[in-house]
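Colleague: One point on numbering: in our numbering, the residue at position 20 of the sequence shown is 138, and numbering is uninterrupted.
A virtual CB, placed ideally from N, CA and C, is assigned to each residue, including glycine.
Just so we're clear, the structure is a prediction, and the values are computed from it rather than from any experiment.
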Amino acid sequence: MSMNMDTALLRVQDLHVEFKTRRGRAMVLNGVDFEIRRGETLCVVGESGCGKSMTALALLRLIPSPPGRISAGRVMFQDEDLASATPARMREVRGNRISMIFQEPMTSLNPVLTVGDQIGESLRLHVGLDARAARDRAIDMLRQVGIPAPERRVDEYPHQLSGGMRQRVMIAMALACRPDILIADEPTTALDVTVQAQIFDLLRDLQRDNGTAILFITHDMGAVAEMADRVMVMYAGRVIEHGSTAEVLSRPMHPYTRGLIDCLPELGSSAAGAGEARRELAEIAGVVPSIWELASGCAFRDRCPHAMPRCAEQVPPMFGAEPGHAAACWLHEELATEVAA
Ligand SMILES: Nc1ncnc2c1ncn2[C@@H]1O[C@H](COP(=O)(O)OP(=O)(O)OP(=O)(O)O)[C@@H](O)[C@H]1O
Ligand SMILES: [Mg+2]
Numbered sequence: 119m120s121m122n123m124d125t126a127l128l129r130v131q132d133l134h135v136e137f138k139t140r141r142g143r144a145m146v147l148n149g150v151d152f153e154i155r156r157g158e159t160l161c162v163v164g165e166s167g168c169g170k171s172m173t174a175l176a177l178l179r180l181i182p183s184p185p186g187r188i189s190a191g192r193v194m195f196q197d198e199d200l201a202s203a204t205p206a207r208m209r210e211v212r213g214n215r216i217s218m219i220f221q222e223p224m225t226s227l228n229p230v231l232t233v234g235d236q237i238g239e240s241l242r243l244h245v246g247l248d249a250r251a252a253r254d255r256a257i258d259m260l261r262q263v264g265i266p267a268p269e270r271r272v273d274e275y276p277h278q279l280s281g282g283m284r285q286r287v288m289i290a291m292a293l294a295c296r297p298d299i300l301i302a303d304e305p306t307t308a309l310d311v312t313v314q315a316q317i318f319d320l321l322r323d324l325q326r327d328n329g330t331a332i333l334f335i336t337h338d339m340g341a342v343a344e345m346a347d348r349v350m351v352m353y354a355g356r357v358i359e360h361g362s363t364a365e366v367l368s369r370p371m372h373p374y375t376r377g378l379i380d381c382l383p384e385l386g387s388s389a390a391g392a393g394e395a396r397r398e399l400a401e402i403a404g405v406v407p408s409i410w411e412l413a414s415g416c417a418f419r420d421r422c423p424h425a426m427p428r429c430a431e432q433v434p435p436m437f438g439a440e441p442g443h444a445a446a447c448w449l450h451e452e453l454a455t456e457v458a459a
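1) Measuring CA to CA, which of Leu300, Leu147, Arg250 is closest to Gly186?
2) Would Asp338 be called buried (16 or more neighbouring beta carbons within 10 Å of its own) or exposed?
3) Could you tell me whether the stretch 289-297 touches the stretch 237-257, using the rule of 3 or more Cβ pairs below 8 Å?
4) Tell me whether the beta-carbon of Thr336 lies closer than 8 Å to the beta-carbon of Val163.
5) Of all the options Ala417, Arg192, Gly142, Pro184, which has the alpha carbon lying nearest to the alpha carbon of Glu153?
6) Out of Thr312, Val357, Pro297, which has the shortest C-alpha to C-alpha gap to Cys416?
7) Take Leu200 and list the residues in its own chain whose beta-carbon comes closer than 6 Å to its own, dropping the five residues that flank it on each side.
8) Starting from Arg428, follow the alpha helix (DSSP H) in both directions and report where the run begins and ends.
9) Measuring CA to CA, which of Asp273, Phe220, Gln196, Leu247 is closest to Leu231?
10) With a cut-off of 7 Å, give the chain-ordered residues whose Cβ is closer than this to any heavy atom of ligand 2.
11) Apart from the five residues just before and just after His443, which ones in its own chain have a Cβ nearer than 6 Å to its Cβ?
12) Any idea if Pro423 is buried or exposed, counting beta-carbon neighbours within 10 angstroms, 16 or more meaning buried?
13) Keeping to the same chain, check which residues put their C-beta closer than 7 Å to that of Val342; ignore five residues upstream and five downstream.
14) Ignoring anything shorter than 4 residues or poking outside the stretch 295-383, list the alpha helix (DSSP H) runs there in chain order.
15) Please report the distance separating the alpha-carbon of Ile332 from that of Met172.
16) Does ligand 1 have even one heavy atom less than 7 Å from the beta-carbon of His337?
17) Is the beta carbon of Gly169 closer than 8 Å to that of Ile329?
18) Can you list, in chain order, the residues of its chain with a C-beta nearer than 6 Å to that of Leu241? Leave out the 5 residues immediately preceding and following it.
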């Protein structure tokens, strides 16, 4: 079987997630479509609450259920639909073929287990290594993620490590079994800028060496410019634009994406480095529609400077102008031209 960069490793189709709440059904994902290709980095951006983490959790079937559930859609991992896979099969996939690192490493590391035991756990479980081989491999992984004196660190507990080192341990855990896909949900938000830059470098190196595809969730457009091969922009539980990073950043086709990018100080000059402020997603006036309202039409229309009557009637489908660049807006062509001009 030959695979190259263009082969979709994971194909998410029409994914819906809802939560039962006392106020009624909360529609959290409303038909999410995207694919991850072998070895690429796909960044997911969008403001708080748009469904980035839920998308990641749904792929791994980690939506807290009840009250949440995947109510429709498919998560095709090669030829298998993970949305309907058995719990036993998901345990084989998680941490092995697809793994995840979270924003706050302290909540996902077990405080009473040594670093070595935690990295070794998935190796014993999935690869069948014995305790000794797992420990050796854990030391190896610690070295790979740039932790000094790994032979000593392997026997330490999480509280003995700095925040940056804990995040490296998380990455070592996530990559120990050489997964096909690494999901990184805001992996560096808790870290200072210097450590953040080191972690980005590390992820890029490990990706190059192992061919891991990365689904990278972030608020930081600087991180997007630096890390992403492709970007998908989410709004109110849907993907509203996706394309190559260069395309999306230089010719955004959706007014929401444009809003995000317009407010950014000089993207692309991100190599500058030291002392640089975080480029968070810009504040766009208005509020995201309630997740209890059943959407008719475009969810962004109340905040959109270009809204037309049509936008209230029908959800715009994805329109593609360039190959691989598409946006869910009736005005996609006009907007793209305007920016380019
Ligand atoms: N238990 C729950 N019951 C109802 N709604 C929920 C529940 N958990 C999450 N949600 C809703 O799901 C939506 C998507 O949340 P999600 O965590 O995916 O957002 P996000 O894009 O990751 O945001 P952030 O950038 O803040 O991490 C939010 O509107 C949130 O309110
Ligand atoms: Mg989140």
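Modeller: Taking the structure as given:
1) Leu147
2) buried
3) yes
4) yes
5) Arg192
6) Val357
7) Val193
8) 427-431
9) Asp273
10) Lys170, Ser171, Asp303, Glu304, Ile335
11) Gly361, Glu365
12) exposed
13) Cys161, Val163, Thr336, Val349, Thr363
14) 311-328, 339-345, 363-368, 373-380
15) 16 Å
16) yes
17) The sequence as given places Gly at residue 329; Ile does not occur at that position. No, these two residues do not count as a Cβ contact at 8 Å.
18) Leu247, Ala252, Arg255, Ala294
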